[in-house]
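Under our numbering, the residue at position 114 of the sequence shown is numbered 243, and the numbers go up by one with no gaps.
To start, the structure itself, in structure tokens.
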Amino acid sequence: MHYKKMNIWVGIFGLCMLFNLNAGEPSDFVVIVHKSNPIKVLDKNKLSEIFLKKVQVWENNEMILPIELKEDAPVRITFSTKIHEKKVSKIKAYWQKQIFSGRGIPPPEKANDLEILKYIEENPNAIGYVSTKTNIADFPVVAISIE
């Protein structure tokens, strides 16, 4: 009897661990670049630095062109929380300080995923993110992995 209870608890614990393994991964969005971009994997911290414009050039010395969704877009809220580990309002405050001090301007914002896809299609050095539900197959973009 004691072993049965223990096996049940071990099974429950195992299931919890299985579901928890993916909890920290960005699952509501996919980060995309132009298909000509050789980048296939980015560290989460480097991705954050790219969108905060702390890293501004790719390894080939081409300018990185990050593109954001509008601030109230659910996908942007998720991106900000999972990648920057901050609310969108904190990121907006960061950009206000950068603008006021003359140190930079935020990435341009687009209204929806389709506009993000079109922007990246027209700008091979761009990087953006869209909902995982968005069909990217008709555009010259590829999803990259985030570590």
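Where a beta carbon is used, it is the ideal one built from N, C-alpha and C, also for glycine.
Secondary structure at residue i, three-state DSSP: helix, strand or coil?
i, result
"K247", "helix"
"A222", "helix"
"L198", "strand"
"E154", "Only weak support is given to the placement of E154: the predicted model assigns it a pLDDT of 44, under 50, and the question is left unresolved by the model."
"I179", "helix"
"D267", "coil"
Using DSSP bridges, identify the partner residues of residue i.
i, result
"V170", "S274"
"F208", "DSSP lists no partner for F208."
Could you give the distance in angstroms between the alpha-carbon of residue i and the alpha-carbon of residue j?
i, j, result
"I234", "K164", "26 Å"
"V166", "P253", "Note on identity: in this sequence residue 166 is Asn, with Val being the wrong assignment. Taking the straight line joining both Cα atoms gives about 7 Å."
"L246", "L194", "13 Å"
"D201", "T210", "13 Å"
"K259", "E251", "According to the sequence as given, residue 259 is Val; it is not Lys. Cα-Cα distance, rounded: 16 Å."
"I212", "I228", "22 Å"
"G231", "V159", "31 Å"
"I220", "F208", "11 Å"
"A255", "L176", "12 Å"
"I179", "Q185", "6 Å"
"G153", "V271", "With a pLDDT of only 41 at G153, under the threshold of 50, the placement of this residue in the model should not be trusted; the figure read from the coordinates follows. Those two C-alpha atoms are separated by around 22 Å."
"Y197", "N189", "According to the sequence shown, residue 197 is Glu rather than Tyr. When rounded, the distance between both Cα atoms is 23 Å."
"K173", "I273", "11 Å"
"Q225", "E214", "18 Å"
Taking C-alpha atoms, which residue in the options lies nearest to residue i?
i, options, result
"I206", "I196, V170, V217", "V217"
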